[in-house]
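*Asks:*
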Amino acid sequence: MIEALILGLVQGLTEFLPISSSAHLRILGEFLPGAQDPGAAFTAITQIGTEAAVVVFFWRDIVRIISHWFGSFTGRVPRNDPDARMGWLIIVGSIPIVVLGILFQDEIETTFRSLWIVATMLIVFGIILGLADWAGAKRRKLDQLTIGHGVVFGFAQALALIPGVSRSGGSITAGLLLGYERAAAARYAFLLAIPAVFGSGFYQLFKSWGEPSVYGPLETGAATLVAFVVALLVIAFFMNYISKRSFLPFVIYRIVLGGLVMWLLATGVIQP
Numbered sequence: 005m006i007e008a009l010i011l012g013l014v015q016g017l018t019e020f021l022p023i024s025s026s027a028h029l030r031i032l033g034e035f036l037p038g039a040q041d042p043g044a045a046f047t048a049i050t051q052i053g054t055e056a057a058v059v060v061f062f063w064r065d066i067v068r069i070i071s072h073w074f075g076s077f078t079g080r081v082p083r084n085d086p087d088a089r090m091g092w093l094i095i096v097g098s099i100p101i102v103v104l105g106i107l108f109q110d111e112i113e114t115t116f117r118s119l120w121i122v123a124t125m126l127i128v129f130g131i132i133l134g135l136a137d138w139a140g141a142k143r144r145k146l147d148q149l150t151i152g153h154g155v156v157f158g159f160a161q162a163l164a165l166i167p168g169v170s171r172s173g174g175s176i177t178a179g180l181l182l183g184y185e186r187a188a189a190a191r192y193a194f195l196l197a198i199p200a201v202f203g204s205g206f207y208q209l210f211k212s213w214g215e216p217s218v219y220g221p222l223e224t225g226a227a228t229l230v231a232f233v234v235a236l237l238v239i240a241f242f243m244n245y246i247s248k249r250s251f252l253p254f255v256i257y258r259i260v261l262g263g264l265v266m267w268l269l270a271t272g273v274i275q276p
């Protein structure tokens with residue numbers, strides 16, 4: 005239970021920062037008693053908790069988007085209404101991760117969880133995030149989001165199927181490269197993650213029901229609850245932080261962590 009609570013705490017702390025929560029759970033698992041991977045199912049289920057925090061934090065926005073999206077079918081809301089349009093943008097942006105998640109399901113649960121891959125992704129996508137933050141125009145606002153840009157965001161989010169990329173980090177990086185403001189890119193990234201994370205989490209919950217796992221239902225549930233509470237605080241901090249500061253501290257952290265993991269692997273302290 006203590007291990008699960010620690011993992012839930014780390015999940016909540018890292019899910020919305022561009023440093024990859026799945027990478028942190030994968031790495032941390034090597035240093036807990038038993039030194040074993042918590043597993044893709046545990047990671048996906050605890051992400052339900054963090055995504056519930058997004059729903060709470062953006063509740064008014066989500067209710068408005070859903071109501072206007074449905075209203076656009078009946079004529080009660082104009083088809084070009086920004087919130088109705090955002091509903092379509094979230095649907096379109098969610099397609100890539102659904103398709104790729106199904107096609108590469110076996111690799112996601114096995115090959116992609118190699119710590120060599122995790123460490124490499126931390127470094128490579130940390131550098132890309134830094135370059136995007138430095139070079140991006142940061143002028144476009146969320147109401148300027150197009151269908152094409154939504155698809156780009158979607159493919160960037162899908163890269164997070166590989167631990168180390170970061171769901172928020174990948175999407176935000178794409179947004180910065182497309183010229184969006186930091187806060188606008190983060191807001192869409194968080195909203196875009198809702199269908200993908202809930203879909204993946206509940207699918208893994210159904211799939212793993214009754215199956216043997218590292219952590220049982222009670223431990224996994226407790227970790228998910230901790231992740232929810234912590235993530236709610238982190239979202240508030242992160243949205244305030246990026247409106248004033250750059251992503252440089254996160255870039256440095258990713259490179260240092262990735263380099264440390266590579267050193268531990270190379271010296272045989274941990275196994276890939």
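According to this note's numbering, the sequence shown is numbered sequentially starting from 5. Yeah, the Cβ is synthetic: ideal placement off N, Cα and C, and Gly gets one too.
1. Within 10 angstroms of its Cβ, does Ala193 collect 16 or more other Cβ (buried), or is it exposed?
2. Is the beta carbon of Thr177 less than 9 Å from the beta carbon of Leu107?
3. Please state the DSSP three-state secondary structure of Asp184.
4. Spatial neighbours of Ala88 within its chain, please: CB distance less than 6 Å, with the 5 preceding and 5 following residues excluded, ordered by chain position.
5. Specify the secondary structure class of Arg83 as computed by DSSP and reduced to three states.
6. Under a three-way DSSP split, which group does Arg171 fall into?
7. Quick one: grab the DSSP three-state call for Trp144.
8. How many Å lie between Ala332 and Val155 at the Cα?
9. For Phe116, which of Gly173, Ala44 and Gly158 has the nearest alpha-carbon?
10. Whether or not the region 52-60 and the region 225-232 are in contact is what I'm after, with contact meaning three or more pairs of Cβ atoms, one per stretch, closer than 8 Å; do they touch?
11. Between Gln208 and Phe129, what straight-line distance do the alpha-carbon atoms span, to the nearest angstrom?
12. Kindly indicate which three-state DSSP category Thr228 falls into: helix, strand or coil?
13. Which same chain residues, not among the five before or five after Gln148, have their C-beta less than 7 Å away from its C-beta?
*Replies:* Checking against the coordinates, here is how it stands:
1. One-based indexing of the sequence shown puts residue 193 at position 189. Classification for Ala193: buried.
2. Along the sequence shown, one-based indexing puts residue 177 at 173. Along the sequence shown, one-based indexing puts residue 107 at 103. No, the pair does not count as a contact, with Cβ atoms beyond the cut-off.
3. Within the sequence shown, residue 184 is the residue found at index 180, counting from 1. In the sequence as displayed, the identity of residue 184 is Tyr instead of Asp. In this structure, Tyr184 counts as strand in the three-state DSSP scheme.
4. If you number the sequence shown from 1, residue 88 lands on position 84. Hits under 6 Å: His72, Trp73, Ser76 and Val81.
5. Residue mapping note: residue 83 aligns to position 79 of the sequence shown, counting from 1. Of the three classes helix, strand and coil, the one that applies to Arg83 here is coil, per DSSP.
6. What you label residue 171 is simply residue 167 of the sequence shown in a count that begins at 1. Note: Arg171 maps to helix in three-state DSSP.
7. What you label residue 144 is simply residue 140 of the sequence shown in a count that begins at 1. The sequence given here has Arg at residue 144, not Trp. Three-state result, Arg144: strand.
8. Outside the modelled stretch of the chain, which goes from 5 to 276, sits residue 332, for which no answer is possible.
9. Translated into positions along the sequence shown, residue 116 becomes position 112. The candidate whose alpha carbon is nearest that of Phe116 is Ala44.
10. yes
11. Position 204 of the sequence shown, counted from the first residue, corresponds to residue 208. Position 125 of the sequence shown, counted from the first residue, corresponds to residue 129. Looking at the two C-alpha atoms, the distance is approximately 26 Å.
12. Against the sequence shown, residue 228 aligns to sequence position 224. The answer is helix: DSSP assigns Thr228 an H, G or I state.
13. Here residue 148 is taken as the residue at index 144 of the sequence shown, counted from 1. Result list for Gln148: empty, nothing under 7 Å.
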